[in-house]
Amino acid sequence: MRRVYLNDTTLRDGEQTPGVAFSAQRKVRLAMLLDEAGVDGIEVGTPAMGGQERDAVEAVCALGLKARVSTWNRSLAADVRASLDCGARQVHIALPVSDRQLERKLGKSRSWALGAFTEAALCAREGGAAFTAGAEDASRADEAFLLEFAQCAAVLGAERLRYADTVGVLEPLGTWRRIRRLCRGQPLPVEIHTHNDFGLATANSLAAVRGGAAWVSVTVNGLGERAGNAALEEVALALRHLGPYRTGMDLLLLRCLARAVARASRRALPPGKPVVGTQVFTHEAGIHVDGILRDPANYEPFDPAEVGGTRRLVLGKHTGSAALAHILDQAGMSVSREEARELLPLVREGAIRAGGSVDLAQLRALLSSGRPG
Ligand SMILES: [Zn+2]
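Residue numbers for the sequence shown, in my numbering: 5 to 377.
As structure tokens, this is what we get:
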């Protein structure tokens, strides 16, 4: 099983979500949690912003975490110096590589871009910091220029190359082809960085790993601008179960991490959010529950316990008699399958009245008011 490395950017790209702002104290706490959960890298912030952001970066750099802590920088020596001043030993230096962003965002040429990157990279080297190269908007860039940028970064001593699908326009098959060509065409390990504008961030990350990417950029809960980034919890589980690949993650901490980031970002977790949602291990439909009772793998892609979750069977409009008999039995109210079948209409009507599911207290009330016979 190949080892895949996860670089978490919740504290940098995740924080760029409109309306999200982490204090220095919060960044420290989340960085410690991320480290404990086993991510390989933590992108902690952008020191060039100054103010509290610098305090946060400095504090996280001083923690001595197992994960490699890095900062985000434009291709400007001043940005890199701001990172070095915070004690960063690793810096990420980003450069738009699409002609669209170079011309229409910066009003600059390709040769200017390579010159600016070189200057920033040399600044990192002189400061004794390792650096990674960020190809922004790589998915809309000319591939020949992307390779030229990668070669330039390799010669300067970059540790790896980040391929950013900045506006989330990749699809999995194209991602696989592009990343395979990139891995074969230049010497640096590749990190895939995807956005979720079409709901494909996790799929594209997995496709990139299949194409040869060694690292994946992720954020907890997929927190990020617009539709967000590839979600750490989705990528970690998909790599393990659909790869299979190895990561350094302690999967039991994923749900705790998800809740912590949901609180800190003030963005509630949708109940059906893969891996970490409150309802993803809850079953109601008759056929499914019947199948689950025979063997949970019939309707579960992985054991909830693997991520510290608990399987729940609930009663509702779609409940079948097997589930009802089982749930009553668990509650010490044994009935025969035949009796369960007779009780079923009561449960279904109760669920429709309640506009959701029926809990045990409601079930007891229903039974005492309408138990047949
Ligand atoms: Zn991004």
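Using N, Cα and C, we set each Cβ at its ideal position, and we do this for glycine too.
A residue is called buried once 16 or more other Cβ atoms fall within 10 Å of its Cβ, and His-245, having fewer, is exposed. For Asp-12, the enclosing beta strand (DSSP E) covers residues 9 to 12.
Residue pairing by DSSP places Thr-198 opposite Asp-169 in a beta bridge. Judged by their CB atoms, Leu-174 and Asn-200 are not nearer to each other than the 8 angstroms cut-off. The C-alpha of Gly-359 is placed about 15 angstroms away from the C-alpha of Leu-370. Judged by DSSP in its simplified three-state form, Pro-22 adopts coil rather than helix or strand. The C-beta of Met-253 has 16 or more other C-beta atoms within 10 Å across all chains shown, which makes the residue buried.
Per the coordinates, the alpha-carbon of Val-43 lies some 46 angstroms from the alpha-carbon of Arg-357. In the DSSP assignment, Ala-35 falls within the alpha helix (DSSP H) that extends over 28 to 41. Excluding five sequence positions before and after Arg-352, the CB atoms of its chain that fall closer than 6 angstroms to its own CB belong to Lys-321, given in chain order. Cβ-Cβ distances below 8 angstroms link Arg-164 to Thr-136, Ala-137, Leu-192, Pro-193, Val-194, Glu-195, Ala-218 and Trp-219 in the same chain, with the five nearest sequence neighbours on each side left out; the list follows chain order.
In the three-state scheme derived from DSSP, where H, G and I count as helix and E and B as strand, Leu-192 is classed as coil. Inclusion of Ser-269 and Thr-21 in the CB contact set at 8 angstroms is warranted, their separation being smaller than that value. Look at the stretch 56 to 111 and you find these whole runs of beta strand (DSSP E), each 3 residues long or longer: 72 to 78 and 94 to 100.
For Ser-221, the enclosing beta strand (DSSP E) stretches over residues 219 to 222. Taking the Cβ atoms as the reference, Gly-313 lies roughly 6 angstroms from Arg-259, within the contact range of under 8 angstroms. C-alpha of Ser-143 to C-alpha of Ala-309: approximately 37 angstroms in a straight line.
Counting C-beta atoms within 10 angstroms of its own C-beta, Pro-275 has fewer than 16 neighbours from the protein chains shown and is therefore classed as exposed. Contact check for Val-48 against Thr-75 passes: the beta carbons are separated by less than 8 angstroms. The alpha-carbon of Leu-328 is positioned some 20 angstroms away from that of Ala-301. Here Gln-366 has Gly-354 and Ala-358 as same chain residues with Cβ atoms under 8 angstroms from its own Cβ, once five neighbours each way along the sequence are excluded. Phe-26 sits close to Leu-34, with the two beta carbons spaced by under 8 angstroms. Judged by DSSP in its simplified three-state form, Ala-134 adopts strand. Residue pairing by DSSP puts Glu-47 in a beta bridge opposite Ser-74. About 15 angstroms separates the CB atoms of Ala-211 and Pro-248; that is not less than 8 angstroms, and the two are not in contact.
Ala-264 places its beta carbon 8 angstroms or farther from that of Leu-273.
In the three-state reduction of the DSSP assignment, His-322 falls in the coil class, being assigned neither a helical nor a strand state.
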